[in-house]
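**Student:** Below is the structure I would like to discuss, written out as structure tokens.
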Amino acid sequence: MHKIMGYILNLKKIFALCISFVFVISSSACFKSKPEVYHFTGTDFTDYYVSSLQGLSYCEYERITLGNPHSLVPGPTDYEYRGIIHLSEEEAEKIFNSYSWTEDTSFSCPDFGTVNTSFANNDSWYSCHEFQNDYFNYLNVHYLRFNGKDAILFDAISM
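Sequential numbering from 1 applies to the sequence shown in my numbering.
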């Protein structure tokens, strides 16, 4: 009888240890990890997220992620993108004339990390919700401005 009681007591200890381990692992997943920031140039972002945008001449952006970037669960593992899309002057003029833009009179270029925004404060910048919805509909856009000439500033999260 003592052997059986000792065996049951050992099982309880093992079970308690397993439960403690699972609790520690699950609670550590709640802590935010350090953001990972990657700098890119090229058309990967625009090819995937704004493929209907024509006349692209150059794109520079950062991809920021928290946690596991391969997770299938939406949340803090979604990518944030911030950067600049440069368009041909012809396409920019076509876009500017196709929408009703509102000038951002209090424009101050946001921090885009390593993306070169040195030119941005020399221009007037505009916003248009309809344009944003037509071209950036696969993203949750936090910020989008267009200078009406050749550049789009954006900050968005993938959905």
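Backbone N, C-alpha and C define an ideal beta-carbon position, used for all residues, glycine too.
Rounded to whole angstroms, what is the Cα-Cα separation between residue 92 and residue 49?
**Tutor:** If you number the sequence shown from 1, residue 92 lands on position 92. If you number the sequence shown from 1, residue 49 lands on position 49. Whole-angstrom Cα-Cα distance: 18 Å.
**Student:** Check whether the region 96-104 touches the region 125-132, counting contact only when three or more Cβ pairs, one atom from each stretch, lie closer than 8 Å.
**Tutor:** Yes: at least three Cβ pairs fall under 8 Å.
**Student:** Residues in its own chain within less than 6 Å of residue 154 by CB, not counting five upstream and five downstream?
**Tutor:** Here residue 154 refers to the residue found at position 154 of the sequence shown. Excluding sequence neighbours, residue 154 sits near 144.
**Student:** Between 158, 151, 95, which has its C-alpha nearest residue 140's C-alpha?
**Tutor:** Here residue 140 is taken as the residue at index 140 of the sequence shown, counted from 1. Per the Cα distances, 158.
**Student:** What's the C-alpha gap between residue 95 and residue 118?
**Tutor:** Locating residue 95 in the sequence shown gives position 95, counting from the first residue. Locating residue 118 in the sequence shown gives position 118, counting from the first residue. Their backbone Cα atoms lie some 23 Å apart in a straight line.
**Student:** Quick check on the DSSP output: the beta strand (DSSP E) that includes residue 155 runs from which residue to which?
**Tutor:** Numbered from 1 along the sequence shown, position 155 holds the residue referred to as residue 155. Element bounds for residue 155: 151-158.
**Student:** Compute the Euclidean distance between the alpha carbons of residue 108 and residue 86, then round it to the nearest angstrom.
**Tutor:** Locating residue 108 in the sequence shown gives position 108, counting from the first residue. Locating residue 86 in the sequence shown gives position 86, counting from the first residue. Going from the Cα of residue 108 to the Cα of residue 86 covers about 19 Å.
**Student:** CB of residue 91 to nearest heavy atom of the ligand PLP: below 7 Å?
**Tutor:** Absent from the structure shown: the ligand PLP. Ligands present: none.
**Student:** Since residue 52 contacts residue 135 with CB under 8 Å, what's their CB separation in whole angstroms?
**Tutor:** On the sequence shown, residue 52 is found 52 positions in, with the first residue counted as 1. On the sequence shown, residue 135 is found 135 positions in, with the first residue counted as 1. The pair is a contact, with the Cβ atoms about 6 Å apart (cut-off 8 Å).
**Student:** Measure the CB-CB distance between residue 84 and residue 115 and report whether it falls below 8 Å.
**Tutor:** For this step, residue 84 is matched to residue 84 along the sequence shown. For this step, residue 115 is matched to residue 115 along the sequence shown. Yes.
**Student:** To the nearest angstrom, how far is it from the Cα of residue 43 to the Cα of residue 58?
**Tutor:** Taking the sequence shown and counting its residues from 1, the one referred to as residue 43 is at position 43. Taking the sequence shown and counting its residues from 1, the one referred to as residue 58 is at position 58. Going from the Cα of residue 43 to the Cα of residue 58 covers about 7 Å.
**Student:** Please state the DSSP three-state secondary structure of residue 98.
**Tutor:** As a working note, residue 98 is residue 98 in the sequence shown. Residue state, collapsed to three classes: helix.
**Student:** On the premise that residue 46 lies in contact with residue 56, defined as a C-beta separation below 8 Å, what is that separation, rounded to the nearest angstrom?
**Tutor:** Position 56 of the sequence shown, counted from the start, is the residue given in the question as residue 56. Position 46 of the sequence shown, counted from the start, is the residue given in the question as residue 46. The Cβ separation is near 6 Å, so the contact holds.
**Student:** Could you tell me the distance, in whole angstroms, from the CA atom of residue 149 to the CA atom of residue 104?
**Tutor:** Numbered from its first residue, the sequence shown carries residue 149 at position 149. Numbered from its first residue, the sequence shown carries residue 104 at position 104. Looking at the two C-alpha atoms, the distance is approximately 15 Å.
**Student:** Looking at residue 147 and residue 123, is the spacing between their C-beta atoms short of 8 Å?
**Tutor:** What you label residue 123 is simply residue 123 of the sequence shown in a count that begins at 1. What you label residue 147 is simply residue 147 of the sequence shown in a count that begins at 1. Contact: yes.
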